[in-house]
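Asker: I'd like to ask you about the structure that follows.
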DNA sequence: GACTATATCTTTACAAGTAAACTATTTAGG
DNA sequence: CCTAAATAGTTTACTTGTAAAGATATAGTC
C-alpha cells in the first residue's frame, strides 16, 4: 500500500470525513431506491429482485439462453446460487434447462414463453417506476449524476490493489 | 397514479432510457464498492458487512446500548434478523443482552469491551478504504456527488405514493 | 491411449434476510 | 379491577447468498 499518510486535499480532516459521509449517503439512497423497486415488484408481480435480475439477463441473451456459468458471471453470484434460483424458476415454469450438444458438462438456461411474457411486462413497469423516482432531478442533474458515477467507478477500478472477487470470464 | 404519460423533458425517449441507465450505473457502482469493502472486512477481520453495520449502530449509541426494536429500525431490518445476529454476536462475546429495568418485554443490547475495541479498529480501516476508493474524485466532484445524492433522495422521498416498508418509530 | 489438469455444475452447511405466527408483557378502557 | 388491544421479542419456514467439497466431463501431456 503506497497511499500517502496525509492526503494533499485534506484540510483539518474534512476530506476524510467527506468521503465517508458521501459514501454513506450514496449507499443509503441507493438502498432506498432498491428497496422501493423490490417492494413494488413483490407487490405487483410477486417476484423478487433476484428473479427479476436473473430473468433480465436471460431476456437479453435471446432464445439460445446462457450457460449456468455465464449467467452467474453476469449476475456476479456463485454457481450454487444459480443452481437454486434455476430450480425454483424452473418449477414455476418461467425458465427451462437444456443440455448442450457439444459439452455434456454444460447446462444452458432460457426463458420459457411464459417467462418471457412475464419479464417483458415487469420490465415496462420497472422502467416507469425508475423514471418516476428520478422525476425530481432535471436533465442536467441526471446527467451529472451519471457522469460522476462513471468517474467514481473509474476511481474504484483503476486501483491495482483491488480485491475484486469477481472478474470472471464470460463464455456465453 | 397521477404521473403524466409523457414527461415534459422526454425527447424521443431519451429521458426515459436516461433515468434507467443512470439508475443501473449507480446501482452497479454502489454494489462494486460495497462488495469491495465487504471483502476487505472479511479478509482482514473475518467480519461480515451486516455485523459491521450492527456494531456501528451500537458504538454510536454508547454504553446504554439500544433496544432490539430500535436497532432493527436503524438497520432497516426485521426483528427476526436482529434476534439471529444478536445471538451470533453474543456467542462471540462482542455484544451483550441486558434486561430493561422498566419494561420486562424489552431487551437492550450493547457492545462488550471486546466488541468496542474490535469495532473501533475496523472503523478506522474502513474509513481509510473509503477515502482510498474515492481518491480519483476531486473535492468538487465529491461534493457534487453528495449534493446530487441528496437531491435524488429528496426526489424519492417526496413522493406521496411511496411504498416504503420501513419508516418505523425509533424509541432508543 | 492412459493420466492428470481443469472446467462445469450440484450439493452441503452455513449466514443473513423476510413474513407470519407465537409468547409474554404492558397499556387503555369500561 | 379486568379484559381487549397493542407492543417487544422470538420462533418457524422460507429465499437468497457464500464457500468448500463432490461428481462428471473435457482437455492436455507424456
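Chains as they are written, first to last, in this note's numbering: chain A, 104 to 275; chain B, 104 to 275. Ideal Cβ positions, reconstructed from N, Cα and C, are used throughout, including at glycine. These numbers come from a predicted model, not from an experiment.
1) Does the beta-carbon of residue 154 (chain B) have 16 or more other beta-carbons within 10 angstroms, so that it is buried, or is it exposed?
2) Would the beta-carbon of residue 222 (chain A) fall within 7 Å of that of residue 156 (chain A)?
3) Going by CA-CA distance only, name the one from B:186, B:220, B:261 and B:225 that's closest to residue 152 (chain B).
4) Determine the DSSP secondary structure at residue 252 (chain B), reduced to helix, strand or coil.
5) Note down, one range per segment and in chain order, each beta strand (DSSP E) of at least 3 residues found wholly within the region 202 to 234 of chain B.
6) Please compile the residues from chain B whose C-beta is within a distance smaller than 7 Å of the C-beta of residue 257 (chain A).
7) Determine the burial state of residue 246 (chain A): buried for a count of at least 16 other Cβ atoms within 10 Å of its Cβ, exposed for fewer.
8) Enumerated in chain order, which unbroken segments of the beta strand (DSSP E) with a length of 3 residues or greater are wholly contained in the region 143 to 210 of chain B?
9) Among B:158, B:130, B:230 and B:125, which one has its Cα closest to the Cα of residue 212 (chain B)?
10) Run through DSSP, which three-state label would residue 243 (chain B) get?
11) Kindly indicate which three-state DSSP category residue 262 (chain B) falls into: helix, strand or coil?
12) Checking contacts by CB at 7 Å: is residue 233 (chain A) closer than that to chain B?
13) Leaving out the 5 sequence neighbours to the left and right, which residues in its chain are closer than 8 Å to residue 181 (chain A) when beta-carbon positions are compared?
14) Any contact between the region 200 to 218 of chain B and the region 231 to 248 of chain A? By contact I mean 3 or more CB pairs, one from each, below 8 Å.
15) Counting only beta-carbon atoms, is residue 189 (chain B) nearer than 7 Å to chain A?
16) In whole angstroms, what separates the C-alpha of residue 249 (chain B) from that of residue 124 (chain B)?
17) Residues of chain B with CB under 9 Å from residue 228 (chain A), in chain order?
18) Under 8 Å Cβ to Cβ from residue 218 (chain B), same chain only, skipping five residues before and after it: list those, please.
19) Give the interface partners of residue 122 (chain B) over in chain A, defined as CB-CB distance under 7 Å, in chain order.
20) Thinking C-alpha only, which one of B:238, B:189, B:258 and B:229 is nearest residue 147 (chain B)?
21) Rounded to whole angstroms, how far is the Cβ of residue 258 (chain A) from the Cβ of residue 240 (chain B), which I believe are closer than 8 Å?
22) Mind listing which residues of the region 179 to 204 of chain A have their C-beta closer than 8 Å to chain B's C-betas, in chain order?
23) With a CB to CB cut of under 8 Å and the five nearest residues on each side skipped, what residues in its chain are close to residue 139 (chain B)?
24) Alpha carbon to alpha carbon, how far is residue 262 (chain B) from residue 179 (chain B)? Give it in angstroms, no decimals.
25) List, in order along the chain, the chain B residues whose C-beta lies closer than 9 Å to that of residue 253 (chain A)?
26) Please check if any C-beta of chain B sits within less than 7 Å of the C-beta of residue 248 (chain A).
27) Quick one: using the 10 Å Cβ neighbour count with 16 as the cut-off for buried, is residue 121 (chain B) buried or exposed?
28) Contact defined as beta carbons within less than 8 Å: I believe residue 133 (chain A) pairs with residue 129 (chain B). What is the distance between those atoms, to the nearest angstrom?
29) Counting only C-beta atoms, is residue 135 (chain A) closer than 7 Å to chain B at any point?
30) Tell me whether residue 220 (chain A) is buried or exposed, calling it buried when 16 or more other Cβ atoms sit within 10 Å of its Cβ.
31) Under the rule that 16 or more other beta-carbon atoms within 10 Å means buried, what is residue 238 (chain A), buried or exposed?
Answerer: If we stick to the structure as given:
1) buried
2) no
3) B:225
4) helix
5) 210 to 214
6) 239
7) exposed
8) 198 to 202
9) B:158
10) helix
11) coil
12) yes
13) 175
14) no
15) no
16) 19 Å
17) Under the 9 Å cutoff, chain B gives no residues; its nearest Cβ is about 11 Å from residue 228 (chain A).
18) 158, 161, 192, 196, 197 and 198
19) 233, 234, 237 and 245
20) B:229
21) 6 Å
22) 179
23) 232 and 236
24) 20 Å
25) 128 and 132
26) yes
27) buried
28) 6 Å
29) yes
30) exposed
31) buried
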